[in-house]
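Participant:
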Amino acid sequence: MSINQTMRHLGEERSVIREIFEYGNARKKEIGEENVFDFSLGNPSVPAPPEVNAEIARLIADMPPVKLHGYTSAAGAPEVRAAVAAYLQTQFGAPVSASRVYMTCGAAASLTISLAAMSEAGDEFVVVAPCFPEYRVFIERAGGKVVEARAAADFHLDFAALARAVGSRTKAVILNSPNNPTGAVYGREELAALAALLAEKSAERGAPVYLIADEPYRELTYGAEVPCLLNIYPDTVLCYSFSKSLSLAGERIGYIAVPDGCTDADALFAAVCGAGRALGYVCAPALFQRVAAKCLGKSGDIAAYRENRDLLWNALRAYGFECVPPEGAFYLFVRSPEPDAKAFCARAKKYELLLVPSDSFGVPGYVRISYCVAKETIQSALPAFEKLAKEYGLR
Ligand code: PLP
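Residue 1 is where the sequence shown starts when you use the working numbering, and the numbers rise one by one after that.
(1) So, are the CB atoms of residue 237 and residue 210 less than 8 Å apart?
(2) Flag this pair as touching only if the segment 220-232 and the segment 99-117 have three or more C-beta atom pairs under 8 Å; answer yes or no.
(3) Would you say residue 336 touches the ligand PLP, meaning its beta carbon is less than 7 Å from a heavy atom?
(4) Tell me, please, whether the segment 128-138 touches the segment 354-362 by the rule of three or more beta-carbon pairs shorter than 8 Å.
(5) Using CA coordinates, which residue listed in 287, 329, 384 is at the minimum distance from residue 53?
(6) According to DSSP, is residue 78 part of a helix, a strand, or is it coil?
(7) I need the straight-line Cα distance from residue 343 to residue 32, nearest angstrom please.
(8) Please say whether residue 289 and residue 72 have beta carbons closer to each other than 8 Å?
(9) What is the rounded straight-line gap between the Cα of residue 56 and the Cα of residue 22?
(10) Report the three-state DSSP secondary structure of residue 131 (helix, strand or coil).
(11) Which same chain residues end up closer than 8 Å to residue 278 when comparing Cβ atoms and leaving out the 5 residues on each side of it in sequence?
(12) If you draw a straight line from the C-alpha of residue 222 to the C-alpha of residue 307, how long is it?
(13) Apart from the five residues just before and just after residue 368, which ones in its own chain have a Cβ nearer than 6 Å to its Cβ?
(14) Give me whichever residues DSSP pairs with residue 170 in a beta bridge.
(15) Going by the CB atoms, is the gap between residue 220 and residue 329 shorter than 8 Å?
(16) Any beta-carbon of chain C closer than 8 Å to the one on residue 225?
(17) Closest by CA to residue 386, which one among 365, 282, 366, 313?
(18) Could you spell out the range, first to last residue, of the alpha helix (DSSP H) harbouring residue 118?
(19) Name the DSSP bridge partner or partners of residue 412?
(20) May I ask you to report which of helix, strand or coil DSSP gives residue 191?
(21) What's the gap between the Cα of residue 400 and the Cα of residue 62?
(22) Rounded to a whole number of angstroms, what is the C-alpha to C-alpha distance between residue 302 and residue 206?
(23) Which of helix, strand or coil does DSSP assign to residue 221?
(24) Under 8 Å, do residue 151 and residue 128 count as touching if we go by C-beta distance?
(25) Within its chain, find whatever has a CB closer than 7 Å to the CB of residue 242; leave out the 5 residues flanking it on each side and keep chain order.
(26) Counting C-beta neighbours from all protein chains within 10 Å, is the total for residue 50 16 or more, i.e. buried, or is it exposed?
(27) Exposed or buried, which one is residue 156 when buried takes at least 16 other CB atoms within 10 Å?
(28) Of all residues in the structure, which have a C-beta closer than 6 Å to any heavy atom of the ligand PLP, taken in chain order?
(29) How about residue 259 and residue 95: are their beta carbons less than 8 Å apart?
(30) Out of curiosity, what's the CA-to-CA distance linking residue 11 and residue 19?
(31) Checking the sheet assignment: what are the DSSP bridge partners for residue 103?
(32) Assign residue 171 to buried or exposed, taking buried as 16 or more other Cβ atoms, counted over all protein chains shown, within 10 Å of its Cβ.
(33) Beta strand (DSSP E) containing residue 241: first to last residue?
(34) At the level of alpha carbons, what is the spacing between residue 75 and residue 350?
Printed below as a string of structure tokens:
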């Protein structure tokens, strides 16, 4: 057949998360929206901060439409790149020049571009499992091989596992903090130890092991500090997105930043530009580049996510479920009361609870519950969770 079978497969076998989400939509039509408890997708549930709409209105009123909606430079509008670099410098003291900021269509594009920019035949990319399922798709499409390093039991970094996973073929490690699906936020000492390990591995390899910092949840923490990796490990490529912080997931806007001290920074940045070109991105959405530049560091109502987290976590614990408290992002990663998480999700579905089995995140035996939903959805879902717990005799 004259079509690409890998792509066909990816198109036919939709992501497990999307599959559950589509099922939820169909089910809502059958039995009513309020009777389905869809915890599948990480779609922000709080409105964008007011600055977003204010800036959209201002731009529409003030800028000539031809300029506002036209192509920008491939790497982004110069004033936007300058604003991002200035923000990273002033907020974190990070050594980033505007000339090495590349505006993207969200974290997914930041990742696919960075991976394509780095990847050469035989390269391996280390991910910390459990992890965002699309990493595998992105890495393999870039021609790389995925190597998993399991996280520790508390979902923080397991340095023995990382030391085994990072080898002479490792081009980069992808790190996501705050983490999807576990909610872990890696601390400063932990990241310093990772930097030391990667520096050691780079020396052994005679070439840098890059760190790809995937940070769409940076602002979404419940008190934990999210240290800036650009200051901790110079060979870091920051892949940022405004999808979650500004609740702009559908608008597709983010950036890549390559710090000044990064090995071969100019060559790597040129490869980022080349990868963006080869992947056909042309430029990131022009209106939202400018909106993002005015809303750097802002976020939607994190207090609402915290309320949801506390409500759900406390209730699930009281019902007898096991779950590490999330320090950031908007997911609970709950141990399945039976070894087969898919079977558990099937039982949950009988109570109209839509949960995601952990298998696609690279580990068995857990489920991910996205709590970026209306508080009322959680309140209405609690009796269903309680019945489910009773079915397993949890408490
Ligand atoms: N990385 C992680 C860990 C994510 O959870 C997501 C989205 O859920 C992405 C990347 C992709 O984000 P974006 O919508 O900005 O492409």
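Note that CB positions come from ideal geometry on N, CA and C, so glycine has one too.
It should be emphasised that the depicted structure is a prediction, and the values quoted were computed from it without experimental measurement.
Facilitator: Based on what the coordinates show:
(1) Along the sequence shown, read from residue 1 onward, the residue named residue 237 stands at position 237. Along the sequence shown, read from residue 1 onward, the residue named residue 210 stands at position 210. Going by C-beta atoms, residue 237 is nearer than 8 Å to residue 210.
(2) no
(3) Position 336 of the sequence shown, counted from the first residue, corresponds to residue 336. Outside the cutoff, so no.
(4) yes
(5) Indexing the sequence shown from 1 puts residue 53 at position 53. Nearest option by C-alpha distance: 287.
(6) For this step, residue 78 is matched to residue 78 along the sequence shown. In this structure, residue 78 counts as helix in the three-state DSSP scheme.
(7) Mapped onto the sequence shown, residue 343 falls at position 343. Mapped onto the sequence shown, residue 32 falls at position 32. Roughly 25 Å between the two C-alpha positions.
(8) Within the sequence shown, the letter at position 72 stands for residue 72. Within the sequence shown, the letter at position 289 stands for residue 289. Yes; because the gap between Cβ atoms is below 8 Å, this pair is in contact.
(9) Taking the first residue of the sequence shown as position 1, residue 56 is located at position 56. Taking the first residue of the sequence shown as position 1, residue 22 is located at position 22. For residue 56 and residue 22, the distance between alpha carbons rounds to 31 Å.
(10) Taking the first residue of the sequence shown as position 1, residue 131 is located at position 131. The answer is coil: DSSP assigns residue 131 none of H, G, I, E or B.
(11) As a first step, residue 278 is located in the sequence shown; it is residue number 278 there, counting from the start. Same-chain partners within the cutoff: 116.
(12) Looking up residue 222 in the sequence shown gives position 222. Looking up residue 307 in the sequence shown gives position 307. Using only the alpha carbons, I get a separation of about 10 Å.
(13) In the sequence shown, counting from the first residue as 1, residue 368 sits at position 368. Around residue 368: 181, 331, 333, 356.
(14) Position 170 of the sequence shown, counting from 1, holds the residue named residue 170. 124, per the DSSP bridge assignment.
(15) Counted from its first residue, the sequence shown places residue 329 at position 329. Counted from its first residue, the sequence shown places residue 220 at position 220. Taking 8 Å as the Cβ cut-off, residue 329 and residue 220 qualify as a contacting pair.
(16) The structure shown has no chain C; it contains just one protein chain.
(17) For this step, residue 386 is matched to residue 386 along the sequence shown. It is 313.
(18) Indexing the sequence shown from 1 puts residue 118 at position 118. Start and end: 106-118.
(19) Lying before the first or after the last residue shown, residue 412 is absent from the chain, which here runs from 1 to 395.
(20) For the purposes of this step, residue 191 is identified with residue 191 of the sequence shown, where counting begins at 1. Helix at residue 191.
(21) Summary: the structure shown does not reach residue 400, with the chain confined to residues 1 through 395, and so no result is reported for it.
(22) Counting from 1 along the sequence shown, the entry for residue 302 is found at position 302. Counting from 1 along the sequence shown, the entry for residue 206 is found at position 206. So the alpha carbons of these two residues sit roughly 43 Å apart.
(23) For the purposes of this step, residue 221 is taken as the residue at position 221 of the sequence shown. Three-state DSSP puts residue 221 in a strand.
(24) Indexing the sequence shown from 1 puts residue 151 at position 151. Indexing the sequence shown from 1 puts residue 128 at position 128. Yes, the Cβ-Cβ distance between residue 151 and residue 128 is below 8 Å.
(25) Mapped onto the sequence shown, residue 242 falls at position 242. Answer for residue 242: 248, 253, 254, 292, listed in chain order.
(26) Numbered from 1 along the sequence shown, position 50 holds the residue referred to as residue 50. Exposed, since its Cβ has fewer than 16 Cβ neighbours within 10 Å.
(27) Walking along the sequence shown from the start, residue 156 turns up at place 156. The residue is buried, with at least 16 neighbouring Cβ atoms inside 10 Å.
(28) 42, 106, 107, 108, 132, 176, 180, 214, 216, 241, 243, 249, 254
(29) Here residue 259 corresponds to residue number 259 of the sequence shown, with the count starting at 1. Here residue 95 corresponds to residue number 95 of the sequence shown, with the count starting at 1. Yes, Cβ-Cβ distance for residue 259 and residue 95 is below 8 Å.
(30) Residue 11 sits at position 11 when you count from the first residue of the sequence shown. Residue 19 sits at position 19 when you count from the first residue of the sequence shown. Each residue's Cα considered, the two are about 12 Å apart.
(31) For the purposes of this step, residue 103 is taken as the residue at position 103 of the sequence shown. Paired residues: 255.
(32) As a working mapping, residue 171 is identified with position 171 in the sequence shown. Classification of residue 171: buried, given that the 10 Å Cβ count is 16 or more.
(33) As a first step, residue 241 must be located in the sequence shown, where it is residue number 241. Run containing residue 241: 236-241, per the beta strand (DSSP E) assignment.
(34) Translated into positions along the sequence shown, residue 75 becomes position 75. Translated into positions along the sequence shown, residue 350 becomes position 350. If I take the Cα positions, the gap works out to 48 Å.
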